[in-house]
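Numbering (our numbering), first residue to last: 161 to 415. For reference, the structure is listed below as structure tokens.
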Amino acid sequence: MTHQLEGQRAIVTAGASGIGRAIVDAMTEAGMTVATCDIDAAALASLPAGVFARQIDVADEAALTGFVRDAIAHLGGLDCLVNNAGIAGPTARIEDIDPADWRRTLDIVLTSQFLSAAAAVGALRVSGNPSIINLSSVAGRVGFALRTPYAAAKWGVIGLTKSLAIELGESGIRVNAILPGLVAGDRQRRVLEAKAQQRNISFAEVEAEAFRYTSIKEYVPAEAIAAQAIYLASPLGRHISGQAISICGDTRMLA
């Protein structure tokens, strides 16, 4: 099956590592031209040749909107925006969370998606295959104790997604959210380690508890998230919009 993406143009935020990098690689392999940003300059240096890349902090409004504007100019237009940037945020009880950490988590996870969509929508309106893909989380569907800033932001992503799907549908722009579960990699390990420390139990205990509420008891590879993004970006996904699509092995609860 061909996804008919040759020559399509995409922006992926935070595309130098993890899920973002898997999406950049998959889109490049599918024949798309890609622009990405990341806060990690060293990781950006390892991107494939031909990827337009810039080091920014997506919490910086001027830097983010400037990157989107310049990326569209470099690509000669835009067909797909992937809002992937995010941080884990603090792991703590609500009374112990610094309000500054709350605000930064929302700025990076949620507000950056609003800003990049607003900056990109003009270019998407003149695309023949326009789409926005927002990365949420299973935490945006079931909640996550001790991770309230992250979970609240990810719930917000779903609200943003569904609202934009309605608003932009008249322009033919489809908008969807992907909700990863326990994704393989260093970031997931750090999250579980922080929770183990907060609860004063072992990593193995936290990991076992996490998988207790998941039907498929294995980590989701980042490539599985990228494969879903490819489908949603392609003409094959032209009738999919306003959806929150979980790729989580049937996670029913986050402990």
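Where is the CB? At the ideal position from N, CA and C, for every residue including glycine. The structure displayed is predicted, hence computed values, not measured ones.
| message | Using 8 Å as the threshold, is the C-beta distance between Ser296 and Ile338 below it? | response | Position 136 of the sequence shown, counted from the start, is the residue given in the question as residue 296. Position 178 of the sequence shown, counted from the start, is the residue given in the question as residue 338. Cβ distance < 8 Å, so Ser296 and Ile338 count as in contact.
| field | Exposed unless 16 or more other CB atoms sit within 10 angstroms - verdict on Val119 | value | Only positions 161 to 415 of the chain appear in this structure, which leaves residue 119 out of reach.
| task | Alpha carbon to alpha carbon, how far is Ala202 from Ile405? Give it in angstroms, no decimals. | result | As a position in the sequence shown, residue 405 is number 245, starting the count at 1. As a position in the sequence shown, residue 202 is number 42, starting the count at 1. C-alpha separation (whole angstroms): 32 Å.
| task | May I ask you to report which of helix, strand or coil DSSP gives Arg334? | result | Here residue 334 is taken as the residue at index 174 of the sequence shown, counted from 1. Arg334: strand per DSSP, three-state reduction.
| request: Output the boundary residues of the beta strand (DSSP E) element that contains Ala195. | output: Mapped onto the sequence shown, residue 195 falls at position 35. Start and end: Thr193 to Asp198.
| Can you give the Cα-Cα distance for Phe212 and Ile268, rounded to whole angstroms? | Working through the sequence shown from its first residue, we reach residue 212 at position 52. Working through the sequence shown from its first residue, we reach residue 268 at position 108. Rounded to the nearest angstrom, the two C-alpha atoms are 21 Å apart.
| query | Where do the ends of the beta strand (DSSP E) carrying Thr173 lie? | reply | On the sequence shown, residue 173 is found 13 positions in, with the first residue counted as 1. Counting along the chain, the beta strand (DSSP E) containing Thr173 begins and ends at Arg169 to Thr173.
| message | Counting C-beta neighbours from all protein chains within 10 Å, is the total for Val242 16 or more, i.e. buried, or is it exposed? | response | In the sequence shown, residue 242 corresponds to position 82, counting from 1. By the C-beta density criterion, Val242 is buried, having at least 16 other C-beta atoms within 10 angstroms.
| task | Quick one: grab the DSSP three-state call for Phe304. | result | Taking the first residue of the sequence shown as position 1, residue 304 is located at position 144. DSSP places Phe304 in coil when its eight states are reduced to three.
| field | Beta-carbon proximity list for Asn289, same chain, < 6 Å, skipping 5 on both sides | value | Taking the first residue of the sequence shown as 1, we reach residue 289 at position 129. Asp239 and Pro395, listed in sequence order.
| For the segment 367–385 against the segment 272–280, are there 3 or more C-beta pairs whose distance is under 8 Å? | Pairwise C-beta distances place the segment 367–385 out of contact with the segment 272–280, as fewer than three of them are shorter than 8 Å.
| query | DSSP three-state call for Ser362: helix, strand or coil? | reply | For this step, residue 362 is matched to residue 202 along the sequence shown. Looking at Ser362 - three-state DSSP - the assignment turns out to be coil, as it is neither helix nor strand.
| request: Out of Arg264, Asp198, Ala195 and Ala389, point me to the one whose CA is closest to Arg334's CA. | output: Along the sequence shown, one-based indexing puts residue 334 at 174. Out of Arg264, Asp198, Ala195 and Ala389, Ala389 has the C-alpha closest to the C-alpha of Arg334.
| task | Kindly provide the ranges of any alpha helix (DSSP H) runs that are 4 or more residues long and lie completely inside the segment 205–273, ordered along the chain. | result | 221–235 and 259–266
| request: Quick one: grab the DSSP three-state call for Val317. | output: Position 157 of the sequence shown, counted from the first residue, corresponds to residue 317. Looking at Val317 - three-state DSSP - the assignment turns out to be helix.
| Given Ala306 as reference, the closest of Ser323, Ala233 and Asp258 once Cα atoms are compared | As a working note, residue 306 is residue 146 in the sequence shown. Position check: residue 306 holds Leu in this sequence, whereas Ala was assumed. The shortest C-alpha separation from Leu306 is found at Asp258.
| message | Per the DSSP calculation, Asn294 is bridged to which residue(s)? | response | Translated into the one-based positions of the sequence shown, residue 294 becomes position 134. Note: Asn294 sits in a beta bridge opposite Asn243 and Ala337.
| query | Under a Cβ-count criterion, where at least 16 other Cβ atoms within 10 Å of its own Cβ denotes burial, should Ala205 be classed as buried or exposed? | reply | Translated into the one-based positions of the sequence shown, residue 205 becomes position 45. Burial call: exposed.
| Opposing strand residues paired with Ile405 [DSSP bridges] | By one-based count along the sequence shown, residue 405 stands at place 245. According to DSSP, Ile405 bridges with Ile338.
| Would Gln168 be called buried (16 or more neighbouring beta carbons within 10 Å of its own) or exposed? | The sequence position of residue 168 within the sequence shown is 8, counting from 1. Around the beta carbon of Gln168, a 10 Å sphere encloses 16 or more other beta carbons of the protein chains shown; the residue is thus reported as buried.
| With a Cβ-Cβ cutoff of 8 Å, do Leu235 and Ala299 count as a contact? | Position 75 of the sequence shown holds residue 235. Position 139 of the sequence shown holds residue 299. Cβ distance not < 8 Å, so Leu235 and Ala299 don't count as in contact.
| field | C-beta atoms of Gly341 and Ile400 nearer than 8 Å | value | Working through the sequence shown from its first residue, we reach residue 341 at position 181. Working through the sequence shown from its first residue, we reach residue 400 at position 240. No, these two residues do not count as a Cβ contact at 8 Å.
| Limits of the unbroken alpha helix (DSSP H) element including Met413 | Taking the sequence shown and counting its residues from 1, one reaches residue 413 at position 253. Neither: Met413 is in no alpha helix (DSSP H) and is coded neither H nor E.
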